[in-house]
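Chains as they are written, first to last, in this note's numbering: chain A, 1 to 341; chain B, 1 to 341. Reading through the structure tokens given below for one structure.
Number of protein chains: 2
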Amino acid sequence: MANLIKVAVDCMGGDDDATFVIPGLDKTLRNNNDLSFLLFGDESIIEKRLSNYKYLANSSEIIHTEYHIKMDDKPSHAIKNGKRVSGMWKAIESVRDNRADFVISAGNTGALMAMATLILKTISKIQRPAIAALWPTVDGETIVLDIGATIGFDRRQLIDFSILGASMAQTIFDVESPTLSLLNIGEEEIKGLDEIKAAHEILKNGNNFFKYKGFVEGNKIGFGYSDVIVTDGFSGNIALKTAEGTAAQISQYLKETLNGSMLSKIGYLLARQSFQTLRDKMNPNTLNGGVFLGLNGIVIKSHGKTDHVGFSSALDLGIDMHKSALIDKIVNNIELTEREL
Amino acid sequence: MANLIKVAVDCMGGDDDATFVIPGLDKTLRNNNDLSFLLFGDESIIEKRLSNYKYLANSSEIIHTEYHIKMDDKPSHAIKNGKRVSGMWKAIESVRDNRADFVISAGNTGALMAMATLILKTISKIQRPAIAALWPTVDGETIVLDIGATIGFDRRQLIDFSILGASMAQTIFDVESPTLSLLNIGEEEIKGLDEIKAAHEILKNGNNFFKYKGFVEGNKIGFGYSDVIVTDGFSGNIALKTAEGTAAQISQYLKETLNGSMLSKIGYLLARQSFQTLRDKMNPNTLNGGVFLGLNGIVIKSHGKTDHVGFSSALDLGIDMHKSALIDKIVNNIELTEREL
Numbered sequence: 001m002a003n004l005i006k007v008a009v010d011c012m013g014g015d016d017d018a019t020f021v022i023p024g025l026d027k028t029l030r031n032n033n034d035l036s037f038l039l040f041g042d043e044s045i046i047e048k049r050l051s052n053y054k055y056l057a058n059s060s061e062i063i064h065t066e067y068h069i070k071m072d073d074k075p076s077h078a079i080k081n082g083k084r085v086s087g088m089w090k091a092i093e094s095v096r097d098n099r100a101d102f103v104i105s106a107g108n109t110g111a112l113m114a115m116a117t118l119i120l121k122t123i124s125k126i127q128r129p130a131i132a133a134l135w136p137t138v139d140g141e142t143i144v145l146d147i148g149a150t151i152g153f154d155r156r157q158l159i160d161f162s163i164l165g166a167s168m169a170q171t172i173f174d175v176e177s178p179t180l181s182l183l184n185i186g187e188e189e190i191k192g193l194d195e196i197k198a199a200h201e202i203l204k205n206g207n208n209f210f211k212y213k214g215f216v217e218g219n220k221i222g223f224g225y226s227d228v229i230v231t232d233g234f235s236g237n238i239a240l241k242t243a244e245g246t247a248a249q250i251s252q253y254l255k256e257t258l259n260g261s262m263l264s265k266i267g268y269l270l271a272r273q274s275f276q277t278l279r280d281k282m283n284p285n286t287l288n289g290g291v292f293l294g295l296n297g298i299v300i301k302s303h304g305k306t307d308h309v310g311f312s313s314a315l316d317l318g319i320d321m322h323k324s325a326l327i328d329k330i331v332n333n334i335e336l337t338e339r340e341l
Numbered sequence: 001m002a003n004l005i006k007v008a009v010d011c012m013g014g015d016d017d018a019t020f021v022i023p024g025l026d027k028t029l030r031n032n033n034d035l036s037f038l039l040f041g042d043e044s045i046i047e048k049r050l051s052n053y054k055y056l057a058n059s060s061e062i063i064h065t066e067y068h069i070k071m072d073d074k075p076s077h078a079i080k081n082g083k084r085v086s087g088m089w090k091a092i093e094s095v096r097d098n099r100a101d102f103v104i105s106a107g108n109t110g111a112l113m114a115m116a117t118l119i120l121k122t123i124s125k126i127q128r129p130a131i132a133a134l135w136p137t138v139d140g141e142t143i144v145l146d147i148g149a150t151i152g153f154d155r156r157q158l159i160d161f162s163i164l165g166a167s168m169a170q171t172i173f174d175v176e177s178p179t180l181s182l183l184n185i186g187e188e189e190i191k192g193l194d195e196i197k198a199a200h201e202i203l204k205n206g207n208n209f210f211k212y213k214g215f216v217e218g219n220k221i222g223f224g225y226s227d228v229i230v231t232d233g234f235s236g237n238i239a240l241k242t243a244e245g246t247a248a249q250i251s252q253y254l255k256e257t258l259n260g261s262m263l264s265k266i267g268y269l270l271a272r273q274s275f276q277t278l279r280d281k282m283n284p285n286t287l288n289g290g291v292f293l294g295l296n297g298i299v300i301k302s303h304g305k306t307d308h309v310g311f312s313s314a315l316d317l318g319i320d321m322h323k324s325a326l327i328d329k330i331v332n333n334i335e336l337t338e339r340e341l
């Protein structure tokens, strides 16, 4: 038990009253006996939810908080009212104060990012933090960032995101020199916005610790074209949401198809097992977890609309990144990377 | 035959030597006997391809051109070398000179847009043209624009795109007051880029001929949230390409699923007819055709990678828009719309 990992958990953030949090922690704990938890939130609610999870209760300490950030609070409102007193704030603070190794929340993304930036601060030489998503591909997954932490961008931030994303790829894909592409609307060098073209020139000519492959278009993300796809927060968010919507749309078509004729119903029954595999692949929860990158501490953001399997998967991601010392890697990689503008 | 519609066709533009063009024209002609064609391109090639299509040959006039724009020519290169002499250029010119009612090409998008803008010019009070796509949804289709004609944007252009897209919706969906949304990364009013927020204020407070519904996120496009979704060319292109890529990715999963166990193969055989319907829905060709909006003439851009069914579908779209006098509607709607900045 020498290397016990301590996780700070925001127990009140998430849709449907975040009832998936406790069962999600339990699921991961059953496969990792070197974990312990700091549970932030309403003590009576947490205790009630823990009553069916004795093993988890024994590995947890509850820190009672009165104030809870709502899913639709504006970040400014959340900071004004939740600073120092909310479970979300205190959970992040415990990482800064080395009482926890990382923090996980399924709560309000904007509030979490605003608080995390205030408390943990950005890593030296990184201008702005980013949110990285794990994008499912036909042969694994790809890291896509930024998916919405920042609005507006310049070449410098795209280079920062490249360092952050490639460092994360080193830790979770276990590759020394991950491949990396810049999202653009054409693969030819002439296309795209000025700042993207400028970042392209820097990456192309730089002596990077990752392997820069140039521009990539949106249709290749899902085919595992690169380990890391770098984009600005606006485009990244549009791409992610559109992909989610398209998957949901096709799921609906598929359901209608299989509920069509009697023959298709029989066909579906026969192929049921294969369709379960397909559904698993299309389920966003199997790769749940955005990661805030660029801060002095690991912050895992689970989807608000998830279940205990998705929350557990996000937690696993945090454990992985803590174990492989992500923050040290980033700091080291910043020194290694050419950033001449 | 009083209202014969004359279509200018770029016969040399498209992947795979554009062999789908002639069969595509024939397919549409069989359902519309009030069509005639001006075929621009290499006379010997076109004549050879027409040899199996007597009816089409009788409705067509070939205009021989020596120079052909390649799919990967830069627009500047295409203009420099193809001005006045290429089939693409001459086809567009025939619309300007009222020798054709609209032009269709599956060729190089950038070159087509550059030439069309030079020859046809933008409609008075419209700053920049846009490319509109028909996006398949669960209950029909949605017009999304701009999907890549312009890079960079301001509030004024987003309002222009709104007028253009809503005018197109009036003609092809046959609704008096189409619904319209602005693509953004959140539905709350606080989010997004400054110029999008400024356009939102104008649209919200304006006395529009369409029904403005506010912001929409990428995951709702495919569910028919609005008749028209307005965005800048960069984001629109990222969204479209990402949706195409996600559909292709899921197609691959589906194929693997159905080729899995013996039971799934038998299941597939039983449900074959339903899967054909599903494939049709996921086939981008069934709704092929981008439309250049904002120019003094109708320009239909077919996908370069298409087949005769897709090209015919793009042609049908052009016929529809010509018959409903799209350009007049746009000119009229510009006068009707508040554009105070």
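Virtual Cβ for every residue (Gly too), placed ideally from N, Cα, C.
In DSSP terms, what L182/B is bridged to: Translated into positions along the second sequence, residue 182/B becomes position 182. The partner list for L182/B (beta bridge, DSSP) reads F215/B and V230/B.
Name the two residues that bound the continuous alpha helix (DSSP H) containing L295/B. For the purposes of this step, residue 295/B is taken as residue 295 along the second sequence, with counting starting at 1. Boundaries cannot be given for L295/B, as no alpha helix (DSSP H) includes it and DSSP labels it neither H nor E.
Taking the DSSP output, what are the residues bridged to P136/A? For the purposes of this step, residue 136/A is taken as residue 136 along the first sequence, with counting starting at 1. Answer by DSSP bridge pairing, in chain order: E141/A.
What residue from L118/B, S124/B and S60/B has the CA that sits closest to S76/B's CA? What you label residue 76/B is simply residue 76 of the second sequence in a count that begins at 1. Nearest C-alpha to S76/B: L118/B.
Is the stretch 96-106 of chain B close to the stretch 7-26 of chain B, with three or more CB pairs under 8 Å? The way I'd put it, the stretch 96-106 of chain B does touch the stretch 7-26 of chain B; three or more beta-carbon pairs between them come closer than 8 Å.
Return the first residue and the last residue of the alpha helix (DSSP H) that K48/B is part of. Residue numbering aside, residue 48/B sits at position 48 when the second sequence is read from its first letter. Per DSSP, K48/B belongs to the alpha helix (DSSP H) from E43 to L50.
Which residues of the stretch 205-227 of chain B have a Cβ closer than 7 Å to any Cβ of chain A? Give them in chain order. Flagged, chain order: E217, G218, N219, K220, I221, G222 and F223.
At a CB distance below 8 Å, what residues from the stretch 233-244 of chain A approach chain B? Give them in sequence order. Shown in chain order are the members of the stretch 233-244 of chain A whose Cβ falls below 8 Å from a Cβ of chain B: G233, F234, S235, N237, I238, A239, L240, K241, T242, A243 and E244.
When the Cα atoms are used, what is the spatial distance from Y253/A to T28/B? On the first sequence, position 253 is the one that residue 253/A refers to. On the second sequence, position 28 is the one that residue 28/B refers to. Rounded to whole angstroms, Y253/A and T28/B show a C-alpha spacing of 28 Å.
If the cut-off is 7 Å on Cβ atoms, which residues from the stretch 130-164 of chain A count as contacting chain B, listed in chain order? Listed by position, the residues of the stretch 130-164 of chain A near chain B (Cβ gap below 7 Å) are V138, G148, I151 and G152.
Check the Cβ of A198/B against every Cβ in chain A and list those closer than 7 Å, keeping chain order. Against the second sequence, residue 198/B aligns to sequence position 198. Those within 7 Å of A198/B in chain A number zero; the least Cβ separation is about 14 Å.
So with Cβ pairs under 8 Å, would you call Q249/B a contact of chain C? Absent here is chain C; the protein component of the structure consists of chains A and B.
Neighbour list for Q170/B in chain A, Cβ cutoff strictly below 7 Å: Counting from one through the second sequence, the residue named residue 170/B turns up at place 170. For Q170/B, none of the residues of chain A pass the 7 Å Cβ criterion, the least Cβ distance being about 25 Å.
Any contact of the stretch 141-150 of chain A with the stretch 305-314 of chain A, i.e. 3+ C-beta pairs under 8 Å? Not touching, per the Cβ criterion.
What residues in the stretch 88-115 of chain A bring their beta carbon closer than 8 Å to a beta carbon of chain B? Identification of residues in the stretch 88-115 of chain A having a C-beta nearer than 8 Å to some C-beta of chain B yields an empty set.
Quick check on the burial criterion: 16 or more other C-beta atoms within 10 angstroms. Buried or exposed for N108/B? Walking along the second sequence from the start, residue 108/B turns up at place 108. So N108/B ends up on the buried side.
Which residues in chain B sit within 7 Å of Y268/A, going by Cβ to Cβ distance? Along the first sequence, read from residue 1 onward, the residue named residue 268/A stands at position 268. By Cβ distance, chain B contributes G267 and A271.
Smallest Cα separation from D174/A: which of T337/A, K329/A and L336/A? For the purposes of this step, residue 174/A is identified with residue 174 of the first sequence, where counting begins at 1. Ranking T337/A, K329/A and L336/A by CA distance to the CA of D174/A puts K329/A first.
Skipping 5 residues on each side, what residues in its chain have a beta carbon closer than 7 Å to that of L116/B? Position 116 of the second sequence, counting from 1, holds the residue named residue 116/B. The question names Leu, yet the displayed sequence has Ala at residue 116/B. Within the same chain, and ignoring the five residues on either side of A116/B in sequence, the residues whose Cβ sits closer than 7 Å to its Cβ are I92, F292, L295 and V299.
In this structure, what does DSSP give as the bridge partners for F223/B? Position 223 of the second sequence, counted from the first residue, corresponds to residue 223/B. Answer is none; F223/B lacks a bridge partner.
Throw me the rounded Cβ distance for the A149/A and A114/A pair, which I believe falls under 8 Å. On the first sequence, residue 149/A is found 149 positions in, with the first residue counted as 1. On the first sequence, residue 114/A is found 114 positions in, with the first residue counted as 1. Going by Cβ atoms, the distance from A149/A to A114/A rounds to 10 Å, so no, they are not a contact pair.
Using a Cβ cut-off of 8 Å, pull out every chain B residue sitting near G192/A, in sequence order please. Along the first sequence, read from residue 1 onward, the residue named residue 192/A stands at position 192. Listed by position along chain B, the residues whose Cβ is nearer than 8 Å to that of G192/A are I151 and F234.
Would you mind stating whether T122/A and R128/A have Cβ atoms separated by less than 8 Å? Within the first sequence, numbered from 1, the residue matching residue 122/A stands at position 122. Within the first sequence, numbered from 1, the residue matching residue 128/A stands at position 128. Cβ distance < 8 Å, so T122/A and R128/A count as in contact.
Since I believe L182/A is in contact with H200/A (beta carbons under 8 Å), could you give me their beta-carbon distance rounded to a whole number of angstroms? Within the first sequence, numbered from 1, the residue matching residue 200/A stands at position 200. Within the first sequence, numbered from 1, the residue matching residue 182/A stands at position 182. Contact annotation, H200/A with L182/A: C-beta distance approximately 6 Å; criterion of less than 8 Å satisfied.
Excluding the 5 residues flanking L349/A on each side, which residues of the same chain have their C-beta closer than 8 Å to its C-beta? Since the first and last residues shown for chain A are 1 and 341, residue 349/A lies out of range.
Residue environment, M88/B, which counts as buried when at least 16 other CB atoms sit within 10 Å: Taking the first residue of the second sequence as 1, we reach residue 88/B at position 88. With at least 16 other beta carbons inside 10 angstroms of its own, M88/B counts as buried.
My understanding is that I238/B touches S235/A, with C-beta atoms under 8 Å, so please give their C-beta distance in whole angstroms. Counting from 1 along the second sequence, the entry for residue 238/B is found at position 238. Counting from 1 along the first sequence, the entry for residue 235/A is found at position 235. The pair is a contact, with the Cβ atoms about 5 Å apart (cut-off 8 Å).
Does L183/B have its Cβ less than 8 Å from a Cβ in chain A? Locating residue 183/B in the second sequence gives position 183, where the first residue counts as 1. At least one chain A Cβ lies under 8 Å of L183/B.
9 Å Cβ cut-off: residues of chain A touching Q127/B: Along the second sequence, read from residue 1 onward, the residue named residue 127/B stands at position 127. Q127/B does not reach chain A, its nearest Cβ partner there being about 18 Å away, counting only Cβ pairs nearer than 9 Å.
8 Å is my cut-off, CB to CB: does H306/B come that close to chain A? For the purposes of this step, residue 306/B is identified with residue 306 of the second sequence, where counting begins at 1. For the record, residue 306/B in the displayed sequence is Thr; it is not His. Output row for T306/B: interface = no.
Inspect the beta-carbon positions of E244/B and N288/A and report whether they are closer than 8 Å. Locating residue 244/B in the second sequence gives position 244, counting from the first residue. Locating residue 288/A in the first sequence gives position 288, counting from the first residue. No, Cβ-Cβ distance for E244/B and N288/A is not below 8 Å.
Take the Cβ of M262/B as the centre, count every other Cβ of all protein chains shown within 10 Å, and call the residue buried at 16 or more, exposed below. Position 262 of the second sequence holds residue 262/B. Exposed, since its Cβ has fewer than 16 Cβ neighbours within 10 Å.
Spatial neighbours of L326/B within its chain, please: CB distance less than 7 Å, with the 5 preceding and 5 following residues excluded, ordered by chain position. Translated into the one-based positions of the second sequence, residue 326/B becomes position 326. If the five residues before and after L326/B are omitted, its C-beta is found closer than 7 Å to the C-beta atoms of S167, M168, T171 and I298, all from its own chain and listed in chain order.
Contact check, I202/A vs R155/A, beta carbons under 8 Å: Locating residue 202/A in the first sequence gives position 202, counting from the first residue. Locating residue 155/A in the first sequence gives position 155, counting from the first residue. With respect to the 8 Å criterion, I202/A and R155/A are classified as neighbours on the basis of their beta carbons.
So what's V85/A in DSSP terms, helix, strand or just coil? Numbered from its first residue, the first sequence carries residue 85/A at position 85. In this structure, DSSP gives V85/A a state outside helix and strand, which the three-state scheme calls coil.
Does V95/A come out as helix, strand or coil in the three-state DSSP assignment? The residue labelled residue 95/A in the question sits at position 95 within the first sequence. Three-state result, V95/A: helix.
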